[in-house]
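Numbering (this note's numbering), first residue to last: 44 to 128.
Shown next, in the form of structure tokens:
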């Protein structure tokens, strides 16, 4: 963890870089958003793949819980999809 002085200096350097090279920060921001999208997509695939097994092994209640999680994850992906592009 940075000390307060180091943190202040880091923020100053970051601010100067942002002002001098805005394209660099735009590329960085795009990479972070794309990574978030990949994690949500991976979670969706895992949940869909585990849904039949959970329903058979743990019963309908676990299957219903998995369906709710898949629906919530799909809603998140739908909400954030405009930000990833």
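Using N, Cα and C, we set each Cβ at its ideal position, and we do this for glycine too.
query, result
"Rounded straight-line distance, which links the Cα of residue 71 to that of residue 93", "33 Å"
"Endpoints, the alpha helix (DSSP H) within which residue 63 is located", "47-63"
"Three-state class that DSSP yields for residue 118 in the structure shown", "helix"
"Whole-angstrom distance between residue 47 and residue 110, CA atom to CA atom", "46 Å"
"CB contact flag (residue 113, residue 82, <8 Å)", "no"
"Cβ-based neighbour list, residue 68, same chain, cut-off 7 Å, excluding 5 preceding and 5 following", "61"
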